[in-house]
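Read through the structure below, which is laid out as structure tokens, and then see the notes.
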Amino acid sequence: FRNLVGLGDVFTLDVFKVLHLQCAGRTTFVTKLYTTTMVPIGVSLLALIAGRLSKSTTTVAKYLLQMLFILVPPTATVVCSAFAVSSFDNGDGTFDRFMTAD
Numbered sequence: 054f055r056n057l058v059g060l061g062d063v064f065t066l067d068v069f070k071v072l073h074l075q076c077a078g079r080t081t082f083v084t085k086l087y088t089t090t091m092v093p094i095g096v097s098l099l100a101l102i103a104g105r106l107s108k109s110t111t112t113v114a115k116y117l118l119q120m121l122f123i124l125v126p127p128t129a130t131v132v133c134s135a136f137a138v139s140s141f142d143n144g145d146g147t148f149d150r151f152m153t154a155d
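The letter at position 92 of the sequence shown is residue 145 when you use the numbering used here, and the numbering goes up by one with no holes.
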């Protein structure tokens, strides 16, 4: 079952899971958060520049919307997971809180 679920990682467009980038170097959740939020912004800027250079702006707008349709759901998943917090009891009545993603 885990192998079958693992095949779905290709379709989630999570580059960190698909390419196993955590093995290439030290990556934290903050690195993943920055990367996944900057990629759609970069794609949008490139599409806008291409739209200025090309004659057919409607074609560029169509491709931009298609790329954003593909990139926004995984980006939203990563951004929303930044708000999940796990609390740990210290035993003295105080709690330490950490991001669940880390």
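Here a beta-carbon is modelled for each residue, glycine too, at the ideal position from N, C-alpha and C.
Computed from a prediction, not measured in an experiment: that's the story for all the values here.
Worksheet item: From what residue to what residue does the beta strand (DSSP E) around phenylalanine 148 run?
Response: For phenylalanine 148, the enclosing beta strand (DSSP E) begins and ends at 148-152.
Practice prompt. Put serine 107 into one of helix, strand or coil per three-state DSSP.
Written response: Correct three-state label for serine 107: coil.
Item to complete: Could you tell me which residues DSSP pairs with serine 139 in its beta bridges?
Response: Answer by DSSP bridge pairing, in chain order: Phe151.
Practice prompt. For threonine 159, I'd like the list of residues in its chain whose CB is within less than 8 Å of its CB, leaving aside the five on either flank, ordered along the chain.
Written response: Because the chain here runs from 54 to 155, residue 159 falls outside it and cannot be looked at.
Worksheet item: Among residues of its own chain, excluding the 5 on either side of valine 138, which ones have a beta-carbon nearer than 8 Å to its beta-carbon?
Response: Excluding sequence neighbours, valine 138 sits near Arg150, Phe151, Met152 and Thr153.
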